[in-house]
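So the structure is just underneath, and the comments pick up after that.
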Amino acid sequence: MKVSLKWLSEYVDIKLTPQELADRLTMAGIEVQGVQTVGGWENVVVGEVLAVTPHPDAERLKLATVNLSSQQLTVVCAAPNIAVGQRVPFARVGAQLIDGHTGEMLTLKPAKIRGILSEGMVCSEKELGISDSHEGIMVLPSEAPIGIPLGEYLGDTIFDLDVTPNRPDCLCLIGIAREVAALTGEEVHLPEVDYQEEEQSIDSLISVDITAPELCPRYCASLVTGITISSSPVWLQQRLRSYGMRPINNVVDITNYVTLEYGQPLHAFDYHKLKGHKIIVRRAKNGEVMTTLDEVERTLDENVLVIADEEKPVAIAGIMGGWESEVTDETTAILLESANFDQATIRRGARHFQLLSEASLRFEKGLSRELPLVALKRATRLFHELAHGKVAKGVVDVYPGKLEPEGILISAEEVKRLSGLDVNIDEIVKVLTSLGFECRQTSVPSQALIFSPYWRSDINCAADLVEEAVRIIGYDKIPATRLSASLPEQEVAPRLELREKIRGIMVGLGFQEVLTYSLTSLEKLRKLSIELEPGALKVANPMTKEQEYLRPNLRAGLLAALATNQKVESGSIRLFEIGKVFLPQPVIATPSSPSLRGAQATKQSPRAENELPWEKEMLCALLSGPKASLSWRGEKGEFDFFDAKGVAENLLQGLRIAAEFKPGSDQNLSPAESAEIISEGDRIGVLGVLHPKMAQAFELDGVVCLIEIDMEKLLSKPIGQREYTPIHRFPGVSRDIALIVDEGTSYQQVESIIRSFPLVTEVTLFDLYTGEQIPQGKKSFAIRVVYQSPDRTLTDDEVNQVQQNMLDKLNQELGSILRS
Amino acid sequence: MLQQLEQIQKQASEELEKINDPKELQLWKVRYLGRKSKLTRVLRSLATLPLEERRKVGVRGNEVKNILESSLAEREKILEEARIASSLKYKKLDVTLPGQPLSVGRLHPVTQTLEEICDIFKRMGFQVVEGPDVEWDYYNFEALNIPQEHPARDMFATLWVDAEVGGGKARLLRTHTSPVQIRLMEEKRPPIRVVVPGRCYRYEATDATHESMFYQVEGLAIDKNITMADLKGTLFEFCRCVFGEERKVRFRCDYFPFVEPGAEVAIECLACHGAGCRICGYTGWVEILGAGMVHPDVLRRGGIDPQAYSGFAFGMGVERMPMLRYGIDDIRLFYANDLRFLKQF
Chain B
1 MKVSLKWLSE YVDIKLTPQE LADRLTMAGI EVQGVQTVGG WENVVVGEVL AVTPHPDAER
61 LKLATVNLSS QQLTVVCAAP NIAVGQRVPF ARVGAQLIDG HTGEMLTLKP AKIRGILSEG
121 MVCSEKELGI SDSHEGIMVL PSEAPIGIPL GEYLGDTIFD LDVTPNRPDC LCLIGIAREV
181 AALTGEEVHL PEVDYQEEEQ SIDSLISVDI TAPELCPRYC ASLVTGITIS SSPVWLQQRL
241 RSYGMRPINN VVDITNYVTL EYGQPLHAFD YHKLKGHKII VRRAKNGEVM TTLDEVERTL
301 DENVLVIADE EKPVAIAGIM GGWESEVTDE TTAILLESAN FDQATIRRGA RHFQLLSEAS
361 LRFEKGLSRE LPLVALKRAT RLFHELAHGK VAKGVVDVYP GKLEPEGILI SAEEVKRLSG
421 LDVNIDEIVK VLTSLGFECR QTSVPSQALI FSPYWRSDIN CAADLVEEAV RIIGYDKIPA
481 TRLSASLPEQ EVAPRLELRE KIRGIMVGLG FQEVLTYSLT SLEKLRKLSI ELEPGALKVA
541 NPMTKEQEYL RPNLRAGLLA ALATNQKVES GSIRLFEIGK VFLPQPVIAT PSSPSLRGAQ
601 ATKQSPRAEN ELPWEKEMLC ALLSGPKASL SWRGEKGEFD FFDAKGVAEN LLQGLRIAAE
661 FKPGSDQNLS PAESAEIISE GDRIGVLGVL HPKMAQAFEL DGVVCLIEID MEKLLSKPIG
721 QREYTPIHRF PGVSRDIALI VDEGTSYQQV ESIIRSFPLV TEVTLFDLYT GEQIPQGKKS
781 FAIRVVYQSP DRTLTDDEVN QVQQNMLDKL NQELGSILRS
Chain R
1 MLQQLEQIQK QASEELEKIN DPKELQLWKV RYLGRKSKLT RVLRSLATLP LEERRKVGVR
61 GNEVKNILES SLAEREKILE EARIASSLKY KKLDVTLPGQ PLSVGRLHPV TQTLEEICDI
121 FKRMGFQVVE GPDVEWDYYN FEALNIPQEH PARDMFATLW VDAEVGGGKA RLLRTHTSPV
181 QIRLMEEKRP PIRVVVPGRC YRYEATDATH ESMFYQVEGL AIDKNITMAD LKGTLFEFCR
241 CVFGEERKVR FRCDYFPFVE PGAEVAIECL ACHGAGCRIC GYTGWVEILG AGMVHPDVLR
301 RGGIDPQAYS GFAFGMGVER MPMLRYGIDD IRLFYANDLR FLKQF
């Protein structure tokens with residue numbers, strides 16, 4: 001909200017510099033986001049137009065003689081609105097002005113325009129940088145002192161305030177003035193609200209009936225006749241502009257002005273257009289239709305509150321007036337409405353009709369029910385004073401929702417307990433009183449009973465009062481202490497530990513971590529051939545199609561990230577992500593961490609038909625490109641299946657999880673090169689080379705290897721459980737054997753037979769050969785076997801014996817032959 | 001005999017001087033110190049000599065043996081040094097050739113920041129816990145004093161899973177990590193001292209400073225006698241750890257529906273040092289977190305008696321910190337996953 005300090009100083013004396021004041025307000029909860037200085041117009045003074053004559057040589061130009069007190073100057077002027085008697089901003093030669101057409105800064109020089117020398121210029125608002133208005137010259141209030149520098153007369157500082165939603169009372173000048181007064185120890189000067197009334201009573205001219213009191217706790221109105229619609233006084237227009245509001249006419253401007261002063265929205269109806277001279281505040285009928293001020297026909301329903309006359313709605317309460325009852329240039333009598341409406345109804349309605357107005361934004365924050373009458377009187381006075389209206393006697397005040405003020409107890413102990421600030425009750429009372437609170441003594445000396453001032457609708461409990469006291473005393477006075485409370489019981493966090501461990505291992509293996517969006521697109525899911533069930537988890541109001549579905553796996557995001565990087569990186573790329581995927585709750589699910597379950601909610605929590613999704617944590621990693629970056633040391637080839645398997649093996653070894661690998665059939669992986677990772681009979685993940693179709697769909701180049709591991713499954717394994725085995729003190733004997741086996745024999749079959757023999761401690765495959773040297777349909781494994789005994793040095797004979805038995809068994813079971 | 005010994009010594013020494021090859025040295029050793037050498041024969045024949053001569057020849061013979069052995073050792077040493085010297089002369093490398101490239105992995109800058117934040121709070125006795133990304137309206141809003149049609153809902157543009165309905169029954173993508181406050185209170189009794197890192201979501205058009213997905217870290221401490229002074233002290237300590245001793249910190253009044261009194265912590269702008277610039281919106285301060293004392297109604301909803309207990313809560317945006325520190329001007333870079341960006345951290 002924009003606030004002019006000049007205007008603000010009408011209600012409170014400001015002795016601080018703008019920057020000091022901005023700091024105080026910010027600290028106390030009303031953030032000053034910007035401080036703009038209006039002014040600095042050198043060589044621009046207030047002038048009086050003495051004469052306007054036509055330019056002898058140009059039809060559209062005029063010659064204006066301007067009185068500057070010390071001298072008179074005649075200048076050329078093109079503005080259509082210039083007139084004798086006006087007070088105007090006059091720029092002398094040397095003034096810095098903004099070019100009205102180009103927007104650039106220029107320095108005013110003497111100029112000959114169609115033969116007439118012009119040494120100065122009457123300025124528009126745009127030329128002075130006040131607004132964008134360049135239709136004519138700026139006209140100053142008639143009391144502007146002639147000859148004084150414009151900056152002295154018009155200079156101002158504008159604060160841009162961020163008023164938090166709990167403080168609708170601060171969405172106005174008086175509200176801010178109250179804050180300034182409390183913070184600086186000044187008094188608030190309230191404007192005049194009295195006026196002269198006519199003989200005829202308002203009750204004989206209008207009747208007001210509230211049939212929906214739950215939505216309209218109060219309705220006040222006054223009636224002003226004999227009004228002439230015209231433009232409002234210049235000073236008033238300027239104030240509206242300082243807030244960023246466009247002046248329209250005296251009636252609209254006065255209602256807006258009082259809204260800015262008090263924070264109470266007002267609405268003026270053309271009295272003569274109200275059928276039956278009746279106001280009925282009621283719920284709209286379902287299907288009822290009305291045309292609003294913006295000439296849009298709106299269909300209403302019973303959740304909308306309307307102001308109606310005898311026949312039909314004339315306004316959507318608190319949101320927008322009706323087109324038919326609008327004040328026009330012909331209006332002579334107005335009914336001025338100042339009411340209080342249910343905040344939720346206004347908020348819902350404003351969003352439903354997409355009509356967020358100054359009025360609705362205030363009503364929806366919850367305004368004081370005491371405010372309408374005060375604001376009504378102020379506005380009525382201005383109609384009388386500035387629009388020469390005649391005011392009917394009395395006001396309408398229908399007030400079905402009056403609340404009894406409730407006191408809240410506050411004590412020095414409570415202030416100390418919450419804020420840590422040591423203040424006595426006298427100090428608290430002093431501060432609260434300065435904010436307009438009524439403070440009563442109680443039987444307890446350190447306590448007081450506090451009643452909120454009418455404008456504060458946000459104070460409901462002692463904690464609210466503690467904040468009030470402390471923010472005025474100053475948050476900078478709160479000491480900074482270290483927590484001294486007792487430490488809670490430490491809990492083990494297996495999920496976090498596992499995640500951290502995996503991250504460490506993956507980074508150690510050269511992988512870059514990425515974080516991809518939790519939301520993905522239907523298109524990407526389709527690329528992964530994921531069959532979407534009708535109840536697929538998606539956002540009801542997605543921002544874009546790209547972010548519509550809750551990701552059921554990490555693949556899509558990671559593959560897209562790889563595609564992005566392949567375009568700019570020709571070397572090897574290793575990416576991984578650990579993240580949540582979102583799945584429907586399994587029928588019999590026992591996720592390992594109960595705190596992640598939505599169904600854990602206690603009896604206080606809502607019971608909905610739907611459950612929260614199962615948020616399952618996954619690890620996904622990708623490998624693509626050459627194994628090593630380009631180097632003079634030589635190429636090492638491209639990543640392949642066994643690099644991916646190596647990653648999986650290293651990771652699982654790092655976690656001390658035993659696993660085996662079986663041929664897999666994941667639809668996103670190449671059927672020839674994919675495996676399932678099995679641990680204790682449980683499928684904990686998959687790995688393999690990306691299916692060529694997937695690579696194509698995601699526009700990926702070359703071989704892409706994927707590893708995916710289910711973190712929930714890992715969490716269910718006893719990670720890191722191990723027992724110490726003594727280090728062998730006796731040397732081992734290592735023997736290399738080359739075995740020729742059938743092509744179809746798996747290495748695992750061979751290794752498990754070798755390992756089944758005693759004394760075997762290590763088995764390492766160091767070559768795999770197929771080719772000329774061996775028969776077709778066969779392959780050769782070269783294997784190093786280490787034999788070792790914990791209690792003696794082995795003899796050659798002993799080892800030979802074991803090896804012979806081993807070769808015999810391999811031959812019997814697999815038909816293998818020792819290659820010579 | 002003695003004369004013979006002198007001759008052996010002289011001849012052996014002269015020959016040794018000329019040897020430059022380790023193999024020849026080995027032959028020399030066999031020749032003069034070996035089992036069949038003249039010297040060995042002399043020493044073996046001692047027994048046949050008369051007593052007087054036996055003594056003289058014996059002493060001198062052993063002397064010669066020792067001299068030859070030590071000369072040999074010396075020569076061996078000289079030859080070894082010469083060998084090393086010459087081998088180094090020919091093996092000189094071009095040390096400016098690039099080393100073998102190894103792949104270096106890194107954590108995402110947001111993960112690094114999350115770890116840093118959590119570590120600081122862990123040292124202050126906070127434990128790390130987490131909560132779901134998809135939440136009930138009840139936990140995200142209602143239980144936090146933000147009922148339907150509350151104006152504060154405007155502070156949280158929401159991505160809904162179900163259409164918004166009353167009673168907290170709709171599912172949504174959590175707009176902040178604060179719902180975990182209620183979940184924790186329902187589950188645990190004071191003392192509570194936790195930090196909650198996690199993803200949050202907003203219905204927001206993305207630009208350089210706004211993302212539809214971002215991370216927050218929530219903090220919550222509940223016990224008897226916890227005050228705003230403790231909150232201020234805890235957060236100032238945090239800021240000192242992250243931004244350094246010299247960085248000015250501001251603790252001001254602010255509003256969040258679920259705390260009372262509420263506060264905001266800002267630090268002096270890292271770019272302009274408080275002078276005012278584009279990054280801080282010309283205020284000299286950059287907001288880094290919101291905080292306050294847990295609202296009594298929120299405590300009550302969590303089943304904790306606000307008369308007996310008090311607590312503080314805070315929530316901070318995570319991306320903000322690396323952005324400020326490293327001068328990153330576009331939040332979207334974090335989730336674009338371009339390695340040219342990620343590799344810089």
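Chains as they are written, first to last, in the working numbering: chain B, 1 to 820; chain R, 1 to 345. Don't be surprised by glycine CBs; every beta carbon is placed ideally from N, CA and C. Every value quoted in this text rests on a predicted model; they were computed, and no experiment measured them.
Any Cβ of chain B within less than 9 Å of the Cβ of residue i?
| i | result |
| --- | --- |
| S178 of chain R | no |
| L64 of chain R | For clarity, residue 64 of chain R is Val in the given sequence; the question names Leu instead. Cβ-Cβ to chain B under 9 Å: no for V64 of chain R. |
| A47 of chain R | no |
| K6 of chain R | Reading the sequence as shown, one finds Glu at residue 6 of chain R and not Lys. With 9 Å as the cut-off, E6 of chain R does not count as an interface residue toward chain B. |
| A221 of chain R | yes |
| K248 of chain R | no |
| W136 of chain R | yes |
| T111 of chain R | yes |
So, is residue i buried or exposed, given that buried needs 16 or more other C-beta atoms within 10 angstroms?
| i | result |
| --- | --- |
| A229 of chain R | buried |
| K15 of chain B | exposed |
| H176 of chain R | buried |
| H101 of chain B | exposed |
| I727 of chain B | exposed |
| N565 of chain B | buried |
| Y747 of chain B | exposed |
| N256 of chain B | buried |
| Y787 of chain B | buried |
Grab the span of the beta strand (DSSP E) containing residue i for me, first residue to last.
| i | result |
| --- | --- |
| R189 of chain R | Premise fails: R189 of chain R is in no beta strand (DSSP E) and is neither H nor E. |
| L418 of chain B | Careful: L418 of chain B lies outside any beta strand (DSSP E), inside the alpha helix (DSSP H) at A412 to S419. |
| V741 of chain B | V733 to D742 |
| H267 of chain B | H267 to D270 |
| M316 of chain R | S310 to G317 |
| L335 of chain B | I334 to N340 |
| P89 of chain B | R87 to A91 |
Indicate whether residue i and residue j have their beta-carbon atoms separated by less than 9 Å.
| i | j | result |
| --- | --- | --- |
| G315 of chain R | E186 of chain R | no |
| H210 of chain R | I331 of chain R | yes |
| I202 of chain B | L223 of chain B | yes |
| F641 of chain B | G688 of chain B | yes |
| Y262 of chain B | I319 of chain B | no |
| V52 of chain B | V88 of chain B | no |
| G436 of chain B | K232 of chain R | no |
| L300 of chain B | K278 of chain B | no |
| M321 of chain R | S310 of chain R | no |
| A157 of chain R | E204 of chain R | yes |
Within the continuous alpha helix (DSSP H) that includes residue i, where are the two ends?
| i | result |
| --- | --- |
| N811 of chain B | D796 to L814 |
Tell me residue i's beta-bridge partners as DSSP assigns them.
| i | result |
| --- | --- |
| E660 of chain B | B:I678 |
| K393 of chain B | B:S201 |
| C77 of chain B | B:K62 |
Are any of the Cβ atoms in chain R nearer than 9 Å to that of residue i?
| i | result |
| --- | --- |
| N166 of chain B | yes |
| N650 of chain B | no |
| R633 of chain B | yes |
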